[in-house]
């Protein structure tokens, strides 16, 4: 006898077949529309390129046709992933299928499949079966959700399904989270949780700051938010209006597939430095290429504390106010302080000069004002010279007439007339020859407005005027020493760009929304620069203060950022659940984090997914360390662990590890400047690992000499411990880092008391 499940499965397969038939038809139509749109765009580009309005329309039609064709291609593989049955109050039951893309038959306004971004999809994301309400543009809809059914559809075949009242949502979530990681970040459309859904669907009306624990899905959520915003606000927001800022080029490659999988193309994606150089070009000097992070991490505690103090000051609000105040002074001092006369002719009074520079030309940058002044000065001095020439000509004519009246014709009168005309011509030549040198002489009083020269002048000003031993003066003296190389550090970029914005005309892009990932590593100055460059844009800022391994230069308080940068008009939201790590791994990471906690840390929790306990292994020498690491990797690979990261603290130690491991198995160094991310065995520096995730992580050395009892060391170790999805092994030599000791307890030399292991076979 056929069971209810078998009967429902049969019905769902028939429904899937019907949907796929419609999708195939729509795919054919969309492909034809794409060919037509492409042809029309090519025709306009070839024959009517100057008609920008028509070109823009054809481009838009082509992009829409391309998006629809891509969506239908995806729908052929998986048209939907869930079904929800909803009975609205005082209405009949609705059966709703939800997928990554909507499926709407020709000549119909009723979708067979609803886009996951549509308001009605909140029925799936917001709760379990039972009383339910969701918001639409027309108001709230109340009713009862009677069924949530998930499907696994692969290559157009229904492989499996289950209902939420039979298999809990946690079981489904754990099945998703237990999957092995790949070489790219994946979308989470089918498993978005309620707290994540809030962030994704938050309105565009104001900026949003998201503090999310490691593994809470911040990056993925931010990318899904972009897809949602482009869907919901498509009349005013296009992909090219959106900017993603990520920590490095490799990370951008790592997340590269998520937006295309969600049907989004053409979004601008850069690192902060790339974006600045794209906008300012050669105005901003090249970077030194040296990362100060490792230098600071390896200083002794007293020197580190001092350097952290003045480097944090460099990116602070106080520094932004200082540089803006200095630039205000440069602007105020720009007008020459006295009248400008060309001989007897007054070209400008001092008051006229101030009005020209500080009122008439106020909207323009400094170099534009100077250029406009040069044009105006050249015109006035040319006109003044012409007035003098005309005066000399008239005066000469008067004298010649008097001479003719007073002397009879003859050689004497002729000689004196010739002398008068020669004198006139000489004076005219002198006047004409004086014009260009006069302009040059008066333009030479203006300061050197090369950006690097102005930055040096600003730092010299701080060094000369700030109190000895103050952070401002220490920062200035350190920076002036670094600038001797002719390049700048990444911490200088924002301040240098602020000078460039005041001094030069910058062609700005039409950016309307900015998504900033790993935002805790940006300084207030960098945020302030982004805001001043894009005054009308909103921001989605996602980060984790606990992962602030560059907190010596980045923000340390979201509340202060919201207050100072957004006048308290930005919404702050916290993601408390970690979906990446197992309970056992997260418990160890939180043990480390408890030494220097952040606000709200005690409320953070891992999703209830259990796995192996993290293992600790002691080694005696480098050869034993390499052997243990390779044995662990081989053991994991036999268990189908696909991606492994071996993490070390310093470049020198990393090079040695890579050489030793590569001699025994394929391994790659994780280089954040690489254009392509490759899965497998990655040997990575601790400060570069943030943002990535792996099936398993091996900490090559967590001894006390590698990670001491300091806030920066704690942040760095916490980041490393929260990278693995499933397995974690920590190696150490001598004494284990004191950060593993529960706060307030004595350090046991064998490691955390409940996790003592020091033999290679313990990892099996």
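Residue numbers (the numbering used here): 103 to 866. By construction, the Cβ of each residue, glycine as well, lies at the ideal position given by its N, Cα and C atoms.
### Burial state of residue 318 (16 or more Cβ within 10 Å)
buried
### Task
Using alpha carbons as the reference points, say which of 778, 443, 350 lies closest to residue 541.
443
### Message
Between residue 323 and residue 617, how many whole angstroms is the CB-CB distance? I'm expecting something under 8 Å.
### Response
Not quite, the Cβ-Cβ distance comes to about 10 Å (not below 8 Å), so this is no contact.
### Message
Do residue 438 and residue 456 count as a contact pair if the criterion is CB distance below 7 Å?
### Response
no
### Query
What do you reckon, are the CB atoms on residue 688 and residue 716 nearer than 7 Å?
no
### Task
Assuming residue 744 and residue 781 form a contact by the criterion Cβ under 8 Å, report the distance between their Cβ atoms to the nearest whole angstrom.
6 Å
### Query
Mapping DSSP to helix, strand and coil, what is residue 276?
In this prediction, residue 276 scores a pLDDT of 49, lower than 50, which makes its location untrustworthy; no coordinate-derived value is stated.
### Message
Can you tell me whether residue 110 is helix, strand or coil according to DSSP?
### Response
helix
### Query
Where in the segment 434–521 do unbroken runs of the alpha helix (DSSP H), each at least 4 residues long, occur, reported from the N-terminal end onward?
452–457, 468–508
### Task
Reducing DSSP to helix, strand and coil, say where residue 196 ends up.
strand
### Task
With residue 595 as the anchor, note down where its alpha helix (DSSP H) starts and where it stops.
595–605
### Task
Please determine, among 307, 348, 712, the residue with the shortest C-alpha to C-alpha distance to residue 376.
348
### Message
Considering just the uninterrupted stretch of the beta strand (DSSP E) at residue 791, what are its terminal residues?
### Response
Looking at the DSSP string, residue 791 is not in any beta strand (DSSP E), and its letter there is neither H nor E.
### Message
If contacts are defined as beta-carbon pairs under 8 Å, then residue 720 and residue 834 qualify, I think. What distance do you get, rounded to the angstrom?
### Response
6 Å
### Message
Give me the DSSP bridge partner(s) of residue 832.
### Response
718, 801
#### Entry: Simplified DSSP assignment, three categories, for residue 548
coil
### Task
Could you please give me the residues that DSSP links to residue 697 through a beta bridge?
None; residue 697 has no bridge partner.
### Query
Between the C-alpha atoms of residue 196 and residue 187, what's the straight-line distance to the nearest angstrom?
6 Å
### Query
Leaving out five residues before and five after residue 425 in sequence, what residues of the same chain have Cβ atoms less than 8 Å from its Cβ?
560, 597, 600, 601
### Task
Assess, as a yes-or-no matter, whether the segment 663–670 is touched by the segment 680–698 under the definition of 3 or more beta carbon pairs within less than 8 Å.
no
### Simplified DSSP state of residue 133, which is helix, strand or coil
helix
### Message
Classify residue 861: buried if its beta carbon has 16 or more other beta carbons within 10 angstroms, exposed otherwise.
### Response
Residue placement at residue 861 is flagged as unreliable, the pLDDT there being 35, under the threshold of 50; a coordinate-derived value is accordingly withheld.
### Message
Among 608, 619, 472, 822, whose alpha-carbon lies nearest the alpha-carbon of residue 312?
### Response
619
### Query
Of the residues 734, 775, 193, which one's Cα is nearest the Cα of residue 801?
734
### Message
In the DSSP assignment, the beta strand (DSSP E) including residue 576 goes from what residue to what residue?
### Response
Not the beta strand (DSSP E): residue 576 falls in the alpha helix (DSSP H), residues 573–584.
### Message
DSSP three-state label for residue 252, please.
### Response
strand
### Message
If I measure Cβ to Cβ from residue 335 and keep anything under 6 Å in the same chain, skipping five residues before and after, which residues do I get?
### Response
306
### Query
Smallest Cα separation from residue 814: which of 160, 829, 650, 729?
650
### Task
Using three-state DSSP, classify residue 651 as helix, strand or coil.
coil
### Query
In chain order, what residues of the same chain have a beta carbon less than 7 Å from the beta carbon of residue 277, not counting five sequence neighbours either side?
Confidence is the limiting factor: at residue 277 the pLDDT is only 49, short of 50, which leaves the residue's position unreliable, though a coordinate-based value still follows. Result list for residue 277: empty, nothing under 7 Å.
### Task
Count the other C-beta atoms from every protein chain shown that fall within 10 angstroms of the C-beta of residue 681, then say buried if there are 16 or more, exposed otherwise.
buried
### Task
Using the Cα positions of residue 352 and residue 775, report the straight-line distance between them to the nearest angstrom.
6 Å
### Task
List the endpoints of the continuous beta strand (DSSP E) containing residue 378.
From DSSP, residue 378 is part of no beta strand (DSSP E) but of the alpha helix (DSSP H) over 374–382.
### Message
Rounding to the nearest angstrom, what Cα-Cα distance links residue 215 and residue 344 in this structure?
### Response
27 Å
### Query
If you compare alpha carbons, which of 201, 191, 700 is closest to residue 252?
201
### Task
Identify every residue that forms a DSSP beta bridge with residue 241.
238
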